[in-house]
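Numbering (the numbering used here), first residue to last: 19 to 173.
A quick write-up on the structure given underneath.
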């Protein structure tokens with residue numbers, strides 16, 4: 019496939035995907051939630067509750083979980099980095115090597131699972147399935163050489 023059909027990068031890698039060496043920096047440094055130190059700033063993550071409110075065990079647990087949660091942008095940067103470095107044994111690299119057809123089938127599968135979880139399994143299962151749908155969407159983006167801004171420009 020020629021460069022320019024799906025972005026400025028040649029789709030010359032295995033399975034018609036963008037080759038790791040042709041990928042640009044895909045997460046802008048000025049993206050909300052990113053910082054040079056790699057830490058994440060989220061609204062309400064620090065100092066989000068009034069000083070007079072006591073810390074409940076649930077609030078402490080929620081704060082601990084929030085500090086380990088990845089943002090969409092952070093996950094995209096991590097996945098793109100694995101692809102660029104061709105991390106040995108990486109499931110992400112193996113999936114990208116299989117090409118767009120494989121990724122498309124996974125996207126459809128995860129979309130159906132997210133729908134079924136939402137209909138029949140509750141919020142937590144739906145959230146889990148939606149997270150997998152987002153992951154596979156990111157792999158499709160990377161396989162096509164799309165940056166976050168390429169997609170965000172259509173939101």
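The beta carbon of each residue, even a glycine, is placed where N, CA and C say it ideally should be.
Residue i vs residue j beta-carbon contact at 8 Å
i: residue 137; j: residue 154; result: no
i: residue 93; j: residue 157; result: no
Reduced DSSP category for residue i - H, G, I as helix; E, B as strand; rest coil
i: residue 68; result: Note that residue 68 has pLDDT 47, beneath the 50 cutoff, so the model's placement of it is unreliable and the number below is only indicative. Coil, per DSSP.
i: residue 106; result: coil
i: residue 111; result: helix
i: residue 12; result: Any property of residue 12 remains undetermined from this structure, which presents the chain solely from 19 to 173.
i: residue 73; result: coil
Terminal residues of the alpha helix (DSSP H) in which residue i lies
i: residue 143; result: 141-161
i: residue 130; result: 118-138
i: residue 98; result: 90-103
i: residue 166; result: 166-170
Classification of residue i by the beta-carbon crowding that lies within 10 angstroms, buried from 16 upward
i: residue 122; result: exposed
i: residue 134; result: exposed
i: residue 130; result: exposed
i: residue 140; result: exposed
i: residue 171; result: exposed
i: residue 95; result: buried
Spatial neighbours of residue i in its chain, beta-carbon cut-off 8 Å, leaving aside the 5 residues before and after
i: residue 100; result: 108, 110, 111
i: residue 125; result: 151, 154, 155, 158
i: residue 97; result: 110, 153, 156, 157, 160
Cβ shell of residue i (< 7 Å), same chain only, five flanking positions each side left out
i: residue 75; result: none
i: residue 159; result: 169
i: residue 148; result: 132
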